[in-house]
Amino acid sequence: MFQSRYQFLGSSLLLLNSILGASATTGSLKVLTYNVAGLPSALSSSDPEENTPYISARLSPYAIINVQEDFNSHAALYASDSHAYRTPTSGGVPFGDGLNTLSDFPYIDFTRTAWDDCNLNSGDCLTPKGFSAMRVEIAGGIWIDVYNLHTDAGGESGDLSARAGNVAQVVDYINTFSAGMPVVLMGDTNMRYTTTGDNIRALVSGGGFTDAWVAGVRGGTPPTLGTDALTCAFPFADTVTDQATMLSCEVVDKILFRSSPVLTLALGSITNEHRNFLHPTDGGPLSDHYPLSATLSYSTTGLRLSEVVGGPHGDYFNDATGLTSAAPTITTLKLAGGERVDSVSTTWSTGTVLAHGGSGGTASSITLASGETLVEVEACQGEKDGNTRVFYLRVKTSAGRELSVGKTTSACTVMSPPETGMRVVGFWGRSGDEVDRLGVVWGK
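Quick note on numbering: the sequence shown equals residues -24 to -1, 1 to 420 in mature numbering (1 follows the signal peptide of the UniProt record, and there is no 0).
Below you can see the structure in the form of structure tokens.
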């Protein structure tokens, strides 16, 4: 549904559970968004050839970094950086979108999507500006969807209209791809709350987000629409070193986040990182934007997601959507398949039926007795027509009964409850005519 020629569906599935181990249920991570002004020197208001190497050397304190305008100096940006997982460049001007993410954590499902709308002024149509999305595993079985974006620039009516289209497009994607998932969205929005006719509020409300600056600096109340913009001089004077002053102004660079049924995100702090990104000789800023960071704490709920088996194909599904920690009990499980797994269907004690996959294959089912739960899942993946799919699925109950479908391969994973007392309450993954990817939603 959300295909574009800038989409990368070939990201390898990074199942590193042996490294990640049993995940902690709480933690924190420091994130950064930074427009690095990496346009070609003739077009940039900064000096990327001079400044980008200094930016590169200062990125290590941040667990996840979203950069914008990372174009022709991309190699220099990555040269001194040590993050283990970094998105490949989409190219310089005019081929790339300038969006990249650097992460301490593995990711899957990395995509780039170009905006459907752009306005010709401000050079917005000269590059395929848009947004990117990825699913990041910050600890074993703890996933966060991370979005990077750069919307249409300018203040003319055509720019406002294009940005409104940009916001609607990314919100639509989030509500599909990230249903049931916690989300962090960071980037250059080119929007302020004070600007009449702009759509930052539609982005925040449409995605169910909290704005880190609004929450951390303004007590949850954004600036009033139609009032004067809360701008600061750029750059700050050398005498300005306190965060209260540096955060008093609103910048177009935003950090937005939301929780989900499986993970609670909360703001620890927000920081204007201007003082950490200054030229070592002349003391000037390394970009024409201020770098903005936030420390986010996370804690698991009564629901957990497992690792996943399979590939990046088909439509997304997540049975955690709409669940609470008091998840209903599965009363019936139905599997269908033959050479591979065609479909998975669960019936909850509420009567709700959730089915994923196609209509093919031979079906078999199991009805659970009172007090009987699903406690173990084994899934195997393999290649079919160039796509990675789920070839085998075995589910075990607390009474020792098993239901299986498909054929085993040499790439199998056994999923067990991450905490004592947890049971299978649903599944998450991707599916089409068959089941392409599958993981477990655990609950108590």
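For each residue, glycine too, the CB sits at the ideal point set by N, CA and C.
Can you tell me which of the three DSSP states T63 falls into? Under the three-state reduction of DSSP, T63 is assigned to coil, being neither helix nor strand.
Residue from G313, W404 and F233 with nearest C-alpha to V285: It is W404.
On the three-state DSSP scale, how would you describe V216? Under the three-state reduction of DSSP output, V216 falls in the coil class, being neither helix nor strand.
Among S380, H50, L96 and G408, which has the Cα closest to the Cα of N363? Put simply, of S380, H50, L96 and G408 the residue whose alpha carbon is nearest the alpha carbon of N363 is G408.
Cross-strand partners of V285 (DSSP beta bridge): Paired residues: L414.
Nearest-angstrom Cα separation, counted from S66 out to Q44: Cα to Cα, the separation comes out at about 12 angstroms.
Among the residues of its own chain, which have a CB less than 8 angstroms from the CB of D73, if the five just before and after it don't count? Correct list, in chain order: Y(-19), S66, R88, A90, T103, P104, K105, G106, S108 and H126.
Alpha helix (DSSP H) runs wholly inside the stretch 176 to 245, at least 4 long, in chain order: If we require 4 residues or more, the alpha helix (DSSP H) runs fully inside the stretch 176 to 245 come out as 176 to 183, 188 to 193 and 219 to 222.
Using only the alpha-carbon positions, how far apart do D92 and T1 sit? Between D92 and T1, the C-alpha separation is close to 39 angstroms.
In angstroms with no decimal places, state the Cα-to-Cα distance between K420 and S301. Here the C-alpha atom of K420 lies approximately 7 angstroms from the C-alpha atom of S301.
I'd like to confirm the pairing. Which residues does DSSP put opposite P261 in its beta bridges? DSSP lists L254 as partners of P261.
Do you know offhand how far R406's Cα is from R316's? So the two alpha carbons sit approximately 14 angstroms from each other.
Going by alpha carbons, who is nearest to G117 out of L239, S133 and V227? Taking only the C-alpha atoms, the option nearest G117 is L239.
Give the secondary structure of G358 by DSSP, where H, G and I count as helix, E and B as strand, and everything else as coil. Under the three-state reduction of DSSP output, G358 falls in the strand class.
E315 (DSSP reduced to helix, strand or coil): E315: coil per DSSP, three-state reduction.
Less than 8 angstroms between the C-beta atoms of N175 and M162, yes or no? No.
Can you list, in chain order, the residues of its chain with a C-beta nearer than 6 angstroms to that of residue 427? Leave out the 5 residues immediately preceding and following it. For the chain, the structure presents residues -24 to 420; residue 427 sits outside this window and is missing.
Rank L223, M391, S4 and Y149 by C-alpha distance to the C-alpha of L350 and give the top, closest one. Cα-wise, what sits closest to L350 is M391.
Please classify R377 as buried or exposed, where buried requires at least 16 other C-beta atoms within 10 Å of its C-beta. By the 10 Å Cβ count, R377 comes out exposed.
Here's the rule I'm using: 16 or more other beta-carbon atoms within 10 Å means buried, otherwise exposed. How should A209 be labelled? Exposed is the call here.
Are the CB atoms of D121 and H289 within a distance shorter than 8 angstroms? The beta carbons of H289 and D121 sit no closer together than 8 angstroms.
The alpha helix (DSSP H) spanning V69 covers which residue range? First-last for V69: undefined, no H or E at that position.
For my contact list, E113 and P158 are in at a C-beta cut-off of 8 angstroms; report their separation, rounded to the angstrom. Contact between E113 and P158 fails: their C-beta atoms lie close to 12 angstroms from each other, not under 8 angstroms.
Distance check for V400 and P393, CA to CA, integer angstroms please. Those two C-alpha atoms are separated by around 8 angstroms.
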